[in-house]
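Report on one structure; see the data block that follows.
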Amino acid sequence: MLAALLCWPLLAQAQWVWLNERGIKQLSDQPPPSSVPNSRILKAPRGQMPEPLTTAPAAEAPAAEGEATPAPDSKPKAKPTLAERNADYNKRRSETAAAEQKNREEGERQTDNAKNCESIRANQRVLESGERVANYDKNGGRSFISDEQRAQQIKRNQHMLASGCK
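Each residue of the sequence shown is one higher than the one before, counting from 694 in our numbering.
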C-alpha cells in the first residue's frame, strides 16, 4: 500500500505536449488525438511515446495540384520576439511619420503655389485694367512703367499662369 501511495504522484505528473494543426502548443494528461502525427508530439510520459508509423510514401494520398504539403518534420513559424515586434513597430512608426511629413510638405507647397497664383492674377488684373502702375526704387522714388514694360509684364504673367497655375 505504501508503494502505491508513492507511485500515485508520479502518475499525476504524466503530461503530453504536442502542436495542433495551427502550430499551437497543447498540454494534456491524455494522449493527443490519433490525427496528430508523431512528429508533432513534443513530450510524452516516460515509456508512453507511440511507435513511429512506417508508411510507404506511395500509400499517402497525392496532394492536390497547386497545394503545398508541409513536411512532417517542419516546425511552425515561431512567434516574433519582443525585440522583433519592437523593431517592426518602430519601422511602421517611422514610415507613418515620413508619410505624414511628405503629406504636410505637399500641402504647404500647394498652399504656397495657390497664393503665388492668386498674386499673379491680381497683378495681371491691374496691368490689364489700364491704370497707371508705379515702381519704387531703393530711395523711395516713384516711376511709372511704360506701355512696353506693361506689355512685357502682361506676357510674363500669362506665361507663369499658363505653366504653373491651373
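Glycine residues also receive a C-beta, built at the ideal position from the N, C-alpha and C atoms.
The structure presented is a predicted model; accordingly, all values stated were derived computationally and were not measured.
Integer Cβ distance of Val826 from Arg843, believed to fall under 8 Å: Your numbering for residue 826 matches position 133 in the sequence shown. Your numbering for residue 843 matches position 150 in the sequence shown. Yes, they are in contact, since the Cβ atoms of Val826 and Arg843 sit about 7 Å apart, within 8 Å.
Candidates Gly716, Leu735, Val729, of which the one nearest Trp709 by Cα: By 1-based counting over the sequence shown, the position of residue 709 is 16. Nearest option by C-alpha distance: Leu735.
Cα-Cα separation between Leu854 and Ala771, rounded to whole angstroms: On the sequence shown, residue 854 is found 161 positions in, with the first residue counted as 1. On the sequence shown, residue 771 is found 78 positions in, with the first residue counted as 1. One C-alpha to the other measures close to 60 Å.
Proximity winner among Asn832, Ala807, Phe837, relative to Gly857 (alpha-carbon distances): Locating residue 857 in the sequence shown gives position 164, where the first residue counts as 1. For Gly857, the closest of Asn832, Ala807, Phe837 by C-alpha to C-alpha distance is Ala807.
Between the CA atoms of Glu801 and Ile717 - distance to the nearest angstrom: For the purposes of this step, residue 717 is taken as residue 24 along the sequence shown, with counting starting at 1. For the purposes of this step, residue 801 is taken as residue 108 along the sequence shown, with counting starting at 1. Approximately 51 Å between the Cα atoms of the pair.
Collapsed DSSP secondary structure at Ser787 in the structure displayed: As a working mapping, residue 787 is identified with position 94 in the sequence shown. Looking at Ser787 - three-state DSSP - the assignment turns out to be helix.
Through-space distance from Ser787 to Ile838, alpha-carbon basis: For the purposes of this step, residue 838 is taken as the residue at position 145 of the sequence shown. For the purposes of this step, residue 787 is taken as the residue at position 94 of the sequence shown. Cα atoms of Ile838 and Ser787: separation of roughly 54 Å, rounded to the nearest angstrom.
Cutoff 7 Å; reference Gln846; Cβ partners in own chain excluding five residues on either side: Stepping through the sequence shown from its first residue, residue 846 is reached at position 153. Taken in chain order, the residues that qualify are Leu820.
Pair within 8 Å by beta-carbon distance, Asn850 and Asn816: As a working mapping, residue 850 is identified with position 157 in the sequence shown. As a working mapping, residue 816 is identified with position 123 in the sequence shown. Inclusion of Asn850 and Asn816 in the CB contact set at 8 Å is warranted, their separation being smaller than that value.
Separation of Lys795 from Gln803, as counted between CA atoms: In the sequence shown, counting from the first residue as 1, residue 803 sits at position 110. In the sequence shown, counting from the first residue as 1, residue 795 sits at position 102. Approximately 12 Å, taken between the alpha carbons.
Between the CA atoms of Glu799 and Gly823 - distance to the nearest angstrom: In the sequence shown, residue 823 corresponds to position 130, counting from 1. In the sequence shown, residue 799 corresponds to position 106, counting from 1. So the two alpha carbons sit approximately 37 Å from each other.
Ser721 - partner residues in DSSP beta bridges: Mapped onto the sequence shown, residue 721 falls at position 28. In the DSSP output, where bridge partners are listed per residue, Ser721 has Trp709.
Buried or exposed by the 16-neighbour rule on C-beta atoms within 10 Å, applied to Arg778: For the purposes of this step, residue 778 is identified with residue 85 of the sequence shown, where counting begins at 1. Classification of Arg778: exposed, given that the 10 Å Cβ count is below 16.
Classification of Arg818 by the beta-carbon crowding that lies within 10 angstroms, buried from 16 upward: Mapped onto the sequence shown, residue 818 falls at position 125. When all chains shown are included, Arg818 counts as exposed.
Residues of its chain near Leu720, where Cβ-Cβ distance is below 8 Å and the 5 sequence neighbours each way are ignored: Stepping through the sequence shown from its first residue, residue 720 is reached at position 27. If you ignore the 5 residues before and after Leu720, its C-beta comes within less than 8 Å of the C-beta of Gln708, Trp709, Val710, all in its own chain and listed in chain order.
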